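Okay, so here's the structure we're looking at.
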Amino acid sequence: MEKKEKTGKKQVLLFHCVESEELARKVADHSDGLIQLQSIKWRSFDDGFPNLFINNAQDIRGQHVAFLASFSSPSVIFEQLSVIYALPRLFVASFTLVLAYFPTGSFERMEEEGDVATAFTMARILSNIPISRGGPTSLVIYDIHALQERFYFGDHVLPLFETGIPLLKRRLCELPESEKVVVAFPDDGAWKRFHKLLDNFPAVVCTKVREGDKRIVRLKEGNPSGCHVVIVDDLVQSGGTLIECQKVLAANGAAKVSAYVTHAVFPKRSWERFSGNGEGSDKGFTYFWITDSCPHTVKAIGNQAPFEVLSLAGSIADALQI
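So the mapping is simple: our numbering equals the position in the sequence shown, first residue as 1, plus 5.
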């Protein structure tokens, strides 16, 4: 209690899903003892449905409580939602949900009647988290795919949109010849999301144009010649766009090309295209920076070249004090 009064910061009890255990430990390590890890028994009945138990449930009454989630696949969402809906009802002082990667964020548009905007569906589900004694749930999300998705959430949650870009800026400043770094955006959407956060670096913007049935990446503006060009985007799936950007930048004189994405989704082991080990892998990237917002990817590739993990742990620990 003396430490809390002295620093003006709060003690937080942090629960987490199985997949996020390593990240949760790192968050606690960054908190100077202010964040204490808690545990849940993640069990299943014989029919496969969850059989869950929140340990020491009575001890969390009146405490600031948080849950670190990872919605890496539809199969793990229901069990986590069951816990997320239960925790605020245990008479906690406040409840914070950290969902670093909002997985349906790229499915927010209806282009024809019948399309289902699952980003809106997920926002509605999270908007119905019960209110705790302290009020609405705080929902921490990093680099959401479409900025307008902040308006999908109802009044029962308070979305807090954070970004991993400060981690990238810190790393770029550590590079030799950092003065030769140029930031590249693979399309106008990435430029809109990130250019103000990276306005201290020269910029290159690429664009996708359709030629027949193919979408071709071209250089729209900026000069990459002789520079270390870092492609910046919010997420990567197959990585095809990044590879095409790399080729265009190299053809226009870039001395080195690297990439940064906050969310390394990489379904079907598509990260192998960049690791140098996979069949047909691409070795054109000096660095490929990712964060640990997708723990299953970090577990699979770690810091295997050219990948380097920039942890969100310190940023999450700070967000839990807001």
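Using N, Cα and C, we set each Cβ at its ideal position, and we do this for glycine too. Note that this is a predicted model, so its numbers are computed, not measured.
Around the beta-carbon of GLN251, 16 or more other beta-carbon atoms lie within 10 Å, marking it buried. GLU277 and PRO311 have their C-alpha atoms roughly 11 Å apart. Per DSSP, the continuous beta strand (DSSP E) segment holding VAL103 begins and ends at 99-103. Contact check for HIS268 against TYR106 passes: the beta carbons are separated by less than 7 Å. Ranking VAL186, LYS225 and LEU325 by CA distance to the CA of TRP196 puts LYS225 first. Distance check between SER25 and each of ASN61, PHE76 and ILE221 places PHE76 closest, using alpha-carbon atoms only. Exclusion of the five residues before and after THR142 leaves PHE100, LEU102, ILE134 and VAL162 as the residues of its chain whose Cβ lies within less than 6 Å of its Cβ. Under the three-pair Cβ rule at 8 Å, the stretch 228-242 does not count as touching the stretch 112-123.
The beta carbon of ALA124 lies closer than 7 Å to those of THR109, GLY110, PHE112, GLU113, GLU154 and TYR157 in the same chain, with the five residues before and after it left out. Three or more Cβ pairs closer than 8 Å define a contact, and the stretch 210-223 falls short of that threshold against the stretch 255-268.
Taking a C-beta distance under 7 Å as the contact criterion, LEU144 and PRO164 qualify as a contact pair.
Excluding five sequence positions before and after LYS15, the CB atoms of its chain that fall closer than 6 Å to its own CB belong to HIS69, given in chain order. When secondary structure is reduced to three states using DSSP, ASP323 falls in the helix class.
Within its own chain, the residues whose Cβ lies closer than 6 Å to the Cβ of ARG66, once the five positions on either side in sequence are excluded, are PHE96, listed in chain order.
With respect to the 7 Å criterion, GLY139 and ALA98 are classified as neighbours on the basis of their beta carbons.
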